[in-house]
Structures are given as structure tokens and as C-alpha cells.
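A short worksheet on the structure shown next.
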Amino acid sequence: MAPTTAKTWSRTLKLKSFAPHLLLLIVVLATFYGSCYGSPNRGKNQIPNCYDMSSESQCSQNPKCRWCRSHALDDMCFSRSEALRLPAQVFTCKLIRFNQNF
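Going by mature numbering (1 follows the signal peptide of the UniProt record, and there is no 0), the letters in the sequence shown line up with residues -38 to -1, 1 to 64, in that order.
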């Protein structure tokens, strides 16, 4: 029984020495994550989430978004690149800046 107790004690010591290192790693990663995603410049270079815009007026305020109408589905706001890939048989999308269809 003594060897089993020694192995258990050895594992406990390894876990106790591992826990502070793991905690330190988590704190460091959280700091980097917060500094990257909490900065005031966050989102300036990101693709806008046009899907969250539920009205044509909201969609038209963002030059990277296009308002698309459909007789079969709900009218929706899409990113410009997504609007270009939509089937023309289903959606008609506006170029918001010029108020022309593409």
C-alpha cells in the first residue's frame, strides 16, 4: 500500500504545481484578449454585420451593406460581397449610394 500512496502523493504535488502556471496562463491570455478586442479601433476594419440591420434606412447608412428585396423571402440587409452572390431570380439589391439596382 505504501507505493500506491506515494504515487498518489506525487500526482497531487504535480497538480498543485501545475495549477498556478495554468492560472498565470489564463490571466495573460485574458489580458491580451482584452487589449485586442477592447481597443477603441476595434471594428473599423471588420466586415459589418449587415444581418443585424432590420430596416432599409439602417442598411443604407453603412456603405458596406446592401438592401435586398424579395417576393419569396423577407427583405434583408446583406454585406456587399454577399449581395453580389445572391440569385437574381430571388433578390433585387440596391446600390444604396446611387439608388440603382445591380
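Yeah, the Cβ is synthetic: ideal placement off N, Cα and C, and Gly gets one too.
Every value quoted in this text rests on a predicted model; they were computed, and no experiment measured them.
Per DSSP, S32 is paired with what?
For this step, residue 32 is matched to residue 70 along the sequence shown. Answer is F53.
Leaving out five residues on either side along the sequence, give the residues of the same chain with a beta carbon under 8 angstroms from the beta carbon of A34.
Within the sequence shown, the letter at position 72 stands for residue 34. V52, listed in sequence order.
What does the alpha-carbon distance come out to for the pair M(-38) and L(-15)?
On the sequence shown, residue -38 is found 1 positions in, with the first residue counted as 1. On the sequence shown, residue -15 is found 24 positions in, with the first residue counted as 1. Here M(-38) scores only 48 on pLDDT, less than 50, and its place in the model is too uncertain to base an answer on.
Mind checking who S41 pairs with in its DSSP beta bridge?
The residue given as residue 41 occupies position 79 in the sequence shown. DSSP, once it has assigned bridges, lists C27 as partnering S41.
Could you tell me if R47 is buried or exposed, where buried requires 16 or more neighbouring beta carbons within 10 angstroms of its beta carbon?
If you number the sequence shown from 1, residue 47 lands on position 85. Exposed, by the Cβ-count rule.
As a quick exercise: from S32, T54 and F40, pick the residue whose alpha carbon is nearest that of C21.
Start at 1 with the first residue of the sequence shown, and residue 21 comes out as number 59. With distances taken between Cα atoms, C21 lies closest to F40.
Compute the distance between the beta-carbons of R42 and K26, then report whether it is under 9 angstroms.
Locating residue 42 in the sequence shown gives position 80, where the first residue counts as 1. Locating residue 26 in the sequence shown gives position 64, where the first residue counts as 1. For R42 and K26, yes; Cβs fall inside 9 angstroms.
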